[in-house]
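See structure below.
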Amino acid sequence: MNLTHYYKTENPSSHCIFLVSLIMGSVELQGTSGRRSSLEIVNKSGGELKEMNSEKKSNKKSSYFRKFGCLKIEENNEKGSVVETTGEPVNPTHLIIMVNGIVGSAQDWKFAAKQFLKKYPRDVVVHRSKVNSSMLTFDGVDVMGDRLAEEVISVKKRHPSVQKISFVGHSLGGLIARYAIARLYERDITKEISHETGNCKSDESEDKDNCVQEKSRGTIAGLEPMNFITSATPHLGSRFHKQVPMFCGFYTLEKAAARIAGFLGRTGKHLFLTDVDGGKPPLLFQMTSDSENLNFISALESFKRRVAYANASFDHIVGWCTSSLRRRDELPKRHHLSRHEKYPHIVNVKTTENAGPQHEISEVKAYDCKTIDMEEEMIRGLTKLSWERVDVNLSGSMQRFLAHSTIQVKISCINSDGADVVQHMVDNFLL
(Lines of atoms letter the chains of each structure in order from A and count residues from 1; the text may use other names and numbers.)
(Lines give C-alpha, C1' and ligand atoms only; values in the text may rest on other atoms or scores of the structure.)
Protein backbone atom coordinates (compact mmCIF):
# COMPACT_ATOMS: atom_id res chain seq x y z
CA MET A 1 0.00 0.00 0.00
CA ASN A 2 1.39 3.41 -0.83
CA LEU A 3 0.97 6.85 0.60
CA THR A 4 -1.81 7.85 -1.78
CA HIS A 5 -4.01 5.11 -0.32
CA TYR A 6 -4.38 7.26 2.77
CA TYR A 7 -4.65 10.62 1.05
CA LYS A 8 -6.56 9.77 -2.13
CA THR A 9 -9.40 12.10 -2.98
CA GLU A 10 -11.75 12.49 -5.89
CA ASN A 11 -9.85 15.61 -7.03
CA PRO A 12 -6.54 14.50 -8.65
CA SER A 13 -5.08 17.97 -8.23
CA SER A 14 -4.92 17.41 -4.47
CA HIS A 15 -2.04 14.97 -5.03
CA CYS A 16 -0.07 17.68 -6.79
CA ILE A 17 -0.79 20.13 -3.99
CA PHE A 18 0.36 17.56 -1.43
CA LEU A 19 3.60 16.81 -3.29
CA VAL A 20 4.36 20.51 -3.85
CA SER A 21 3.76 21.18 -0.14
CA LEU A 22 6.07 18.31 0.74
CA ILE A 23 8.84 19.61 -1.53
CA MET A 24 8.47 23.21 -0.37
CA GLY A 25 8.50 22.14 3.26
CA SER A 26 11.68 20.15 2.67
CA VAL A 27 13.37 23.10 0.95
CA GLU A 28 12.39 25.46 3.75
CA LEU A 29 13.75 23.10 6.38
CA GLN A 30 17.01 22.64 4.53
CA GLY A 31 17.39 26.41 4.03
CA THR A 32 16.85 27.09 7.70
CA SER A 33 19.29 24.39 8.66
CA GLY A 34 21.86 25.81 6.23
CA ARG A 35 21.72 29.29 7.72
CA ARG A 36 21.95 28.00 11.25
CA SER A 37 24.98 25.79 10.64
CA SER A 38 26.87 27.89 8.04
CA LEU A 39 29.62 28.86 10.50
CA GLU A 40 30.12 25.24 11.49
CA ILE A 41 30.84 24.00 7.97
CA VAL A 42 33.23 26.71 6.71
CA ASN A 43 36.23 24.51 7.34
CA LYS A 44 34.71 21.30 5.95
CA SER A 45 36.15 19.81 2.78
CA GLY A 46 34.06 19.37 -0.38
CA GLY A 47 33.59 15.61 0.15
CA GLU A 48 32.62 16.05 3.77
CA LEU A 49 30.12 18.75 2.84
CA LYS A 50 28.53 16.54 0.20
CA GLU A 51 28.22 13.62 2.62
CA MET A 52 26.79 15.85 5.35
CA ASN A 53 24.18 17.39 3.02
CA SER A 54 23.14 13.95 1.86
CA GLU A 55 22.71 12.81 5.45
CA LYS A 56 20.63 15.89 6.28
CA LYS A 57 18.28 15.26 3.37
CA SER A 58 17.86 11.66 4.43
CA ASN A 59 17.10 12.66 8.01
CA LYS A 60 14.59 15.28 6.92
CA LYS A 61 12.71 12.76 4.77
CA SER A 62 12.68 10.17 7.52
CA SER A 63 11.53 12.63 10.18
CA TYR A 64 8.77 13.91 7.93
CA PHE A 65 7.36 10.48 7.05
CA ARG A 66 7.56 9.28 10.64
CA LYS A 67 4.61 11.57 11.32
CA PHE A 68 2.47 9.04 9.46
CA GLY A 69 2.38 6.13 11.88
CA CYS A 70 1.04 3.73 9.26
CA LEU A 71 4.18 3.97 7.14
CA LYS A 72 7.56 2.39 7.46
CA ILE A 73 10.35 3.83 5.34
CA GLU A 74 13.06 1.72 3.83
CA GLU A 75 15.93 3.38 1.99
CA ASN A 76 17.79 1.92 -0.94
CA ASN A 77 21.26 3.45 -0.67
CA GLU A 78 22.41 2.15 -4.06
CA LYS A 79 19.66 3.81 -6.11
CA GLY A 80 18.96 6.62 -3.69
CA SER A 81 15.21 5.90 -3.74
CA VAL A 82 12.74 5.63 -0.90
CA VAL A 83 10.35 2.68 -0.76
CA GLU A 84 7.14 3.19 1.19
CA THR A 85 5.58 0.16 2.82
CA THR A 86 2.89 -0.34 5.41
CA GLY A 87 2.89 -2.08 8.73
CA GLU A 88 0.22 -4.54 7.57
CA PRO A 89 0.85 -8.27 8.06
CA VAL A 90 2.41 -10.12 5.14
CA ASN A 91 -0.23 -12.84 5.20
CA PRO A 92 -3.51 -11.57 6.74
CA THR A 93 -6.22 -14.18 7.13
CA HIS A 94 -9.33 -12.00 7.60
CA LEU A 95 -10.67 -9.54 5.02
CA ILE A 96 -12.92 -6.75 6.33
CA ILE A 97 -14.99 -4.84 3.78
CA MET A 98 -16.31 -1.44 4.88
CA VAL A 99 -19.15 0.15 2.91
CA ASN A 100 -20.18 3.82 3.06
CA GLY A 101 -23.69 5.26 2.97
CA ILE A 102 -25.43 7.69 0.62
CA VAL A 103 -23.26 10.53 -0.74
CA GLY A 104 -20.40 9.03 1.26
CA SER A 105 -16.93 7.77 0.44
CA ALA A 106 -14.21 5.43 1.64
CA GLN A 107 -12.92 8.28 3.78
CA ASP A 108 -15.95 7.92 6.07
CA TRP A 109 -14.51 4.70 7.52
CA LYS A 110 -10.99 6.04 8.13
CA PHE A 111 -11.33 6.20 11.93
CA ALA A 112 -12.95 2.77 12.31
CA ALA A 113 -10.45 1.13 9.98
CA LYS A 114 -7.58 2.39 12.16
CA GLN A 115 -9.21 0.93 15.27
CA PHE A 116 -9.54 -2.51 13.66
CA LEU A 117 -5.90 -2.44 12.56
CA LYS A 118 -4.76 -1.39 16.02
CA LYS A 119 -6.66 -4.25 17.64
CA TYR A 120 -5.79 -6.96 15.10
CA PRO A 121 -2.58 -5.77 13.39
CA ARG A 122 -1.38 -9.24 12.38
CA ASP A 123 -4.64 -10.82 11.30
CA VAL A 124 -6.82 -8.48 9.26
CA VAL A 125 -6.69 -6.45 6.11
CA VAL A 126 -9.29 -3.67 5.99
CA HIS A 127 -10.63 -2.51 2.65
CA ARG A 128 -12.78 0.62 2.54
CA SER A 129 -14.95 0.25 -0.54
CA LYS A 130 -14.34 2.89 -3.22
CA VAL A 131 -16.72 1.92 -6.01
CA ASN A 132 -19.88 3.57 -4.62
CA SER A 133 -19.16 7.13 -3.59
CA SER A 134 -20.68 10.57 -3.95
CA MET A 135 -23.27 10.75 -6.77
CA LEU A 136 -22.81 7.06 -7.61
CA THR A 137 -24.83 6.27 -4.48
CA PHE A 138 -28.00 7.32 -6.36
CA ASP A 139 -27.69 4.47 -8.90
CA GLY A 140 -29.73 1.94 -6.94
CA VAL A 141 -29.03 -0.77 -4.38
CA ASP A 142 -28.76 -3.49 -7.02
CA VAL A 143 -26.30 -1.63 -9.25
CA MET A 144 -24.15 -0.66 -6.26
CA GLY A 145 -24.35 -4.19 -4.90
CA ASP A 146 -23.03 -5.57 -8.18
CA ARG A 147 -20.16 -3.06 -8.12
CA LEU A 148 -19.28 -4.02 -4.55
CA ALA A 149 -19.34 -7.73 -5.38
CA GLU A 150 -16.87 -7.22 -8.24
CA GLU A 151 -14.68 -5.09 -5.99
CA VAL A 152 -14.59 -7.78 -3.30
CA ILE A 153 -13.46 -10.37 -5.83
CA SER A 154 -10.72 -8.03 -7.02
CA VAL A 155 -9.52 -7.31 -3.46
CA LYS A 156 -9.52 -11.00 -2.62
CA LYS A 157 -7.21 -11.70 -5.57
CA ARG A 158 -4.74 -9.13 -4.21
CA HIS A 159 -4.69 -10.90 -0.84
CA PRO A 160 -4.46 -14.65 -1.57
CA SER A 161 -3.78 -15.49 2.09
CA VAL A 162 -7.23 -14.42 3.37
CA GLN A 163 -9.56 -17.19 4.48
CA LYS A 164 -12.38 -15.29 6.21
CA ILE A 165 -14.51 -12.30 5.32
CA SER A 166 -16.63 -9.76 7.22
CA PHE A 167 -18.71 -6.75 6.18
CA VAL A 168 -19.29 -3.48 8.03
CA GLY A 169 -21.83 -1.11 6.47
CA HIS A 170 -23.14 2.28 7.53
CA SER A 171 -26.64 3.45 6.59
CA LEU A 172 -27.30 2.65 2.91
CA GLY A 173 -24.01 0.74 2.93
CA GLY A 174 -25.66 -2.03 4.94
CA LEU A 175 -28.24 -2.59 2.18
CA ILE A 176 -25.54 -2.51 -0.51
CA ALA A 177 -23.60 -5.15 1.42
CA ARG A 178 -26.71 -7.32 1.78
CA TYR A 179 -27.19 -7.31 -1.98
CA ALA A 180 -23.50 -7.93 -2.68
CA ILE A 181 -23.24 -10.98 -0.41
CA ALA A 182 -26.17 -12.56 -2.26
CA ARG A 183 -24.15 -12.14 -5.46
CA LEU A 184 -21.06 -13.63 -3.82
CA TYR A 185 -22.82 -16.46 -2.00
CA GLU A 186 -21.87 -20.02 -2.85
CA ARG A 187 -23.44 -23.07 -1.28
CA ASP A 188 -20.98 -25.42 0.38
CA ILE A 189 -21.58 -28.53 -1.76
CA THR A 190 -19.01 -30.64 0.10
CA LYS A 191 -20.87 -30.40 3.40
CA GLU A 192 -24.18 -31.05 1.66
CA ILE A 193 -22.89 -34.27 0.16
CA SER A 194 -21.51 -35.32 3.54
CA HIS A 195 -24.98 -34.94 5.04
CA GLU A 196 -26.87 -36.58 2.19
CA THR A 197 -24.60 -39.63 2.20
CA GLY A 198 -25.20 -40.10 5.91
CA ASN A 199 -21.66 -39.36 7.03
CA CYS A 200 -22.75 -37.76 10.30
CA LYS A 201 -20.84 -39.66 12.96
CA SER A 202 -23.62 -39.81 15.51
CA ASP A 203 -27.34 -40.44 15.47
CA GLU A 204 -27.95 -38.24 18.47
CA SER A 205 -30.36 -35.37 17.78
CA GLU A 206 -27.85 -32.73 18.83
CA ASP A 207 -25.27 -33.94 16.32
CA LYS A 208 -27.88 -34.18 13.60
CA ASP A 209 -28.83 -30.58 14.17
CA ASN A 210 -25.21 -29.57 13.88
CA CYS A 211 -24.92 -31.50 10.65
CA VAL A 212 -27.94 -29.73 9.19
CA GLN A 213 -26.53 -26.37 10.30
CA GLU A 214 -23.26 -27.12 8.55
CA LYS A 215 -25.23 -27.97 5.43
CA SER A 216 -26.84 -24.54 5.31
CA ARG A 217 -23.55 -22.67 5.75
CA GLY A 218 -21.97 -21.49 2.53
CA THR A 219 -19.13 -19.19 1.52
CA ILE A 220 -18.92 -15.56 0.39
CA ALA A 221 -16.52 -15.08 -2.52
CA GLY A 222 -15.05 -18.45 -1.54
CA LEU A 223 -14.25 -17.24 1.99
CA GLU A 224 -15.65 -18.19 5.37
CA PRO A 225 -18.28 -15.60 6.40
CA MET A 226 -17.77 -14.30 9.94
CA ASN A 227 -19.33 -10.90 10.87
CA PHE A 228 -22.07 -8.98 9.07
CA ILE A 229 -22.37 -5.65 10.87
CA THR A 230 -24.64 -2.73 10.03
CA SER A 231 -24.78 0.70 11.62
CA ALA A 232 -27.90 2.91 11.32
CA THR A 233 -29.05 0.94 8.26
CA PRO A 234 -32.68 1.24 7.04
CA HIS A 235 -33.22 -2.51 6.68
CA LEU A 236 -36.98 -2.05 6.22
CA GLY A 237 -36.60 0.97 3.98
CA SER A 238 -37.83 4.50 4.67
CA ARG A 239 -41.44 4.27 3.53
CA PHE A 240 -43.30 3.27 6.63
CA HIS A 241 -44.64 5.31 9.53
CA LYS A 242 -41.93 6.97 11.66
CA GLN A 243 -39.10 5.29 9.78
CA VAL A 244 -37.70 8.73 8.88
CA PRO A 245 -37.72 10.73 12.15
CA MET A 246 -37.28 14.11 10.45
CA PHE A 247 -40.91 13.83 9.23
CA CYS A 248 -42.02 13.84 12.89
CA GLY A 249 -44.59 11.11 12.28
CA PHE A 250 -46.75 13.25 9.97
CA TYR A 251 -48.41 10.94 7.43
CA THR A 252 -48.72 13.77 4.92
CA LEU A 253 -44.97 14.36 4.89
CA GLU A 254 -44.22 10.64 4.73
CA LYS A 255 -46.54 10.15 1.75
CA ALA A 256 -45.15 13.23 0.00
CA ALA A 257 -41.59 11.92 0.46
CA ALA A 258 -42.56 8.58 -1.08
CA ARG A 259 -44.04 10.35 -4.12
CA ILE A 260 -40.88 12.34 -4.81
CA ALA A 261 -38.48 9.50 -3.95
CA GLY A 262 -37.23 9.56 -7.53
CA PHE A 263 -35.43 12.77 -6.64
CA LEU A 264 -32.77 10.49 -5.11
CA GLY A 265 -32.56 8.41 -8.28
CA ARG A 266 -33.17 4.66 -8.28
CA THR A 267 -31.81 4.56 -4.74
CA GLY A 268 -34.67 6.76 -3.55
CA LYS A 269 -37.23 4.48 -5.19
CA HIS A 270 -35.63 1.47 -3.53
CA LEU A 271 -35.57 3.10 -0.09
CA PHE A 272 -39.23 4.19 -0.29
CA LEU A 273 -40.30 0.88 -1.91
CA THR A 274 -41.84 2.60 -4.93
CA ASP A 275 -39.85 0.57 -7.49
CA VAL A 276 -42.78 -1.61 -8.56
CA ASP A 277 -41.86 -2.90 -12.00
CA GLY A 278 -44.08 -5.28 -13.95
CA GLY A 279 -45.97 -6.39 -10.89
CA LYS A 280 -42.80 -7.49 -9.08
CA PRO A 281 -42.38 -6.50 -5.43
CA PRO A 282 -39.94 -3.72 -4.45
CA LEU A 283 -36.28 -4.71 -4.30
CA LEU A 284 -35.97 -4.38 -0.51
CA PHE A 285 -38.99 -6.66 -0.16
CA GLN A 286 -37.34 -9.22 -2.44
CA MET A 287 -34.19 -9.02 -0.31
CA THR A 288 -36.00 -10.51 2.70
CA SER A 289 -36.20 -13.99 1.13
CA ASP A 290 -34.35 -16.27 -1.26
CA SER A 291 -35.25 -16.12 -4.92
CA GLU A 292 -34.36 -18.19 -7.95
CA ASN A 293 -31.44 -15.96 -8.85
CA LEU A 294 -30.23 -14.56 -5.52
CA ASN A 295 -30.24 -16.19 -2.10
CA PHE A 296 -30.45 -13.12 0.11
CA ILE A 297 -31.39 -14.92 3.34
CA SER A 298 -29.07 -17.89 2.82
CA ALA A 299 -26.19 -15.47 2.28
CA LEU A 300 -27.00 -13.64 5.53
CA GLU A 301 -27.43 -16.95 7.34
CA SER A 302 -23.96 -18.07 6.31
CA PHE A 303 -22.38 -15.47 8.62
CA LYS A 304 -21.63 -16.55 12.18
CA ARG A 305 -22.73 -13.14 13.50
CA ARG A 306 -25.26 -10.58 12.31
CA VAL A 307 -25.17 -7.31 14.26
CA ALA A 308 -27.40 -4.23 13.96
CA TYR A 309 -26.25 -1.01 15.66
CA ALA A 310 -29.10 1.48 15.93
CA ASN A 311 -29.57 5.00 17.28
CA ALA A 312 -32.33 5.00 19.89
CA SER A 313 -32.74 8.76 19.50
CA PHE A 314 -31.56 11.87 17.64
CA ASP A 315 -31.05 10.06 14.33
CA HIS A 316 -33.16 12.23 12.02
CA ILE A 317 -32.57 10.10 8.92
CA VAL A 318 -33.01 6.46 9.93
CA GLY A 319 -35.56 5.38 12.54
CA TRP A 320 -34.93 3.07 15.47
CA CYS A 321 -37.29 0.35 14.19
CA THR A 322 -35.87 0.00 10.70
CA SER A 323 -32.24 0.08 11.86
CA SER A 324 -32.76 -2.44 14.69
CA LEU A 325 -35.21 -4.75 12.86
CA ARG A 326 -37.99 -4.39 15.41
CA ARG A 327 -41.67 -3.61 15.50
CA ARG A 328 -42.55 -0.43 17.37
CA ASP A 329 -44.05 -2.35 20.29
CA GLU A 330 -40.82 -4.36 20.60
CA LEU A 331 -38.59 -1.36 21.22
CA PRO A 332 -37.30 -1.18 24.81
CA LYS A 333 -38.49 1.72 26.95
CA ARG A 334 -35.89 4.46 26.98
CA HIS A 335 -36.10 4.96 30.74
CA HIS A 336 -35.18 1.28 31.19
CA LEU A 337 -31.96 1.68 29.23
CA SER A 338 -28.73 2.01 31.18
CA ARG A 339 -25.33 3.12 29.96
CA HIS A 340 -22.47 0.67 29.70
CA GLU A 341 -19.57 1.42 32.03
CA LYS A 342 -16.93 0.90 29.36
CA TYR A 343 -18.96 2.15 26.38
CA PRO A 344 -21.00 5.11 27.70
CA HIS A 345 -23.18 5.48 24.61
CA ILE A 346 -24.11 1.79 24.39
CA VAL A 347 -27.38 1.46 26.32
CA ASN A 348 -28.69 -1.97 25.37
CA VAL A 349 -27.29 -5.17 23.87
CA LYS A 350 -29.60 -8.05 23.09
CA THR A 351 -29.18 -11.20 21.02
CA THR A 352 -32.25 -12.89 19.56
CA GLU A 353 -32.39 -16.49 18.49
CA ASN A 354 -33.69 -17.66 15.14
CA ALA A 355 -37.40 -16.92 14.89
CA GLY A 356 -37.86 -19.93 12.63
CA PRO A 357 -40.00 -20.27 9.50
CA GLN A 358 -43.28 -19.45 11.24
CA HIS A 359 -44.56 -17.45 8.32
CA GLU A 360 -43.16 -17.68 4.84
CA ILE A 361 -42.78 -14.59 2.69
CA SER A 362 -45.47 -14.33 0.05
CA GLU A 363 -44.36 -15.49 -3.37
CA VAL A 364 -43.56 -12.90 -5.96
CA LYS A 365 -46.39 -13.96 -8.24
CA ALA A 366 -48.87 -13.47 -5.40
CA TYR A 367 -47.56 -10.06 -4.43
CA ASP A 368 -50.17 -7.34 -4.04
CA CYS A 369 -49.12 -4.08 -2.37
CA LYS A 370 -52.75 -3.31 -1.53
CA THR A 371 -53.40 -6.45 0.47
CA ILE A 372 -50.03 -7.22 2.03
CA ASP A 373 -48.40 -5.60 5.04
CA MET A 374 -44.93 -5.16 3.55
CA GLU A 375 -43.33 -3.91 6.75
CA GLU A 376 -44.51 -6.92 8.72
CA GLU A 377 -43.49 -9.35 5.99
CA MET A 378 -40.02 -7.83 5.79
CA ILE A 379 -39.51 -8.04 9.55
CA ARG A 380 -40.60 -11.68 9.56
CA GLY A 381 -38.29 -12.54 6.72
CA LEU A 382 -35.20 -10.93 8.21
CA THR A 383 -35.80 -12.05 11.79
CA LYS A 384 -35.85 -15.70 10.82
CA LEU A 385 -32.17 -15.32 11.52
CA SER A 386 -30.59 -14.44 14.84
CA TRP A 387 -29.40 -10.84 15.27
CA GLU A 388 -27.38 -9.03 17.87
CA ARG A 389 -29.08 -5.69 18.45
CA VAL A 390 -26.97 -2.91 19.92
CA ASP A 391 -28.85 0.27 20.87
CA VAL A 392 -26.96 3.56 20.98
CA ASN A 393 -28.04 6.72 22.80
CA LEU A 394 -26.08 9.94 22.34
CA SER A 395 -28.28 12.04 24.60
CA GLY A 396 -26.20 14.43 26.68
CA SER A 397 -23.64 14.75 23.91
CA MET A 398 -23.11 17.97 22.00
CA GLN A 399 -22.96 15.80 18.89
CA ARG A 400 -26.34 14.13 19.41
CA PHE A 401 -27.98 16.03 16.54
CA LEU A 402 -25.40 14.45 14.24
CA ALA A 403 -26.17 10.99 15.58
CA HIS A 404 -26.48 9.40 12.14
CA SER A 405 -22.83 10.23 11.37
CA THR A 406 -21.52 10.12 14.95
CA ILE A 407 -22.41 6.43 15.37
CA GLN A 408 -19.84 5.80 12.61
CA VAL A 409 -17.37 8.57 13.56
CA LYS A 410 -17.55 9.79 9.99
CA ILE A 411 -15.35 12.82 10.69
CA SER A 412 -13.16 12.50 13.77
CA CYS A 413 -13.17 16.17 14.75
CA ILE A 414 -16.98 16.53 14.79
CA ASN A 415 -18.19 12.95 15.43
CA SER A 416 -15.68 11.88 18.08
CA ASP A 417 -18.32 10.98 20.69
CA GLY A 418 -19.11 7.82 18.73
CA ALA A 419 -15.63 6.43 19.34
CA ASP A 420 -16.88 4.11 22.09
CA VAL A 421 -19.48 2.65 19.70
CA VAL A 422 -16.77 1.84 17.16
CA GLN A 423 -14.63 0.39 19.96
CA HIS A 424 -17.53 -1.83 21.03
CA MET A 425 -17.73 -3.06 17.44
CA VAL A 426 -14.01 -3.79 17.39
CA ASP A 427 -13.86 -5.48 20.80
CA ASN A 428 -16.73 -7.84 19.99
CA PHE A 429 -15.54 -8.68 16.51
CA LEU A 430 -15.33 -12.42 15.80
CA LEU A 431 -11.86 -13.01 14.42
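Under the working numbering, the first residue of the sequence shown carries the number 27, and numbering increases by one thereafter.
Note that the Cβ used here is the ideal one computed from N, Cα and C, for glycine as well.
- In the DSSP annotation of this structure, W413 is not part of any alpha helix (DSSP H); the continuous beta strand (DSSP E) holding it starts and ends at W413 to V418.
- For F298, no alpha helix (DSSP H) encloses it, and the DSSP letter there is neither H nor E.
- Relative to A203, the option among E212, D341 and G171 whose CA is nearest is G171.
- Restricted to the segment 296-338, the alpha helix (DSSP H) segments that are unbroken, complete and at least 4 residues in length are 309-312 and 322-327, listed in chain order.
- Its Cα nearest to that of R243, the residue S328 stands out among K295, V125, S328 and K156.
- Below 8 Å, too few C-beta pairs join the segment 244-256 and the segment 289-300 to call them touching: fewer than three.
- Taking 8 Å as the upper bound for CB-CB distance, R332 and S257 are not in contact here, some 13 Å apart.
- Spanning the alpha carbons of S349 and P308 requires a straight line of approximately 18 Å.
- Annotated three-state conformation of Y211 is strand, per DSSP.
- Between the alpha carbons of R365 and V373 lies a gap of roughly 4 Å.
- In this structure, T293 sits away from G407, with a CB-CB distance that is not shorter than 7 Å.
- DSSP places E367 outside both helix and strand once states are collapsed to three, so it counts as coil.
- Annotation: F340 is outside any beta strand (DSSP E) and is labelled neither H nor E by DSSP.
- Residue state for G171 is assigned as helix, using DSSP reduced to three classes.
- Unbroken beta strand (DSSP E) stretches of 3 residues or longer found wholly inside the segment 243-293: 250-257, given in chain order.
- Beta-bridge analysis with DSSP links N374 to D417.
- I437 is not bridged by DSSP to any residue.
- The beta carbon of T278 is closer than 6 Å to none in its chain, skipping five residues each way along the sequence.
- By the criterion of a C-beta distance shorter than 8 Å, R354 is surrounded in its chain by K268 and C347, once the five residues flanking it on both sides are discounted.
- Note on Q189: under 16 other CB atoms within 10 angstroms of its CB, so exposed under the neighbour-count rule.
- Within the same chain, and ignoring the five residues on either side of G248 in sequence, the residues whose Cβ sits closer than 8 Å to its Cβ are K182 and E212.
- For R352, no beta strand (DSSP E) segment is defined, and its DSSP state is neither H nor E.
- The secondary-structure analysis by DSSP pairs H196 across a beta bridge with S257.
- Going by DSSP, H361 is part of no alpha helix (DSSP H) at all; its letter is neither H nor E.
- By the C-beta density criterion, L320 is buried, having at least 16 other C-beta atoms within 10 angstroms.
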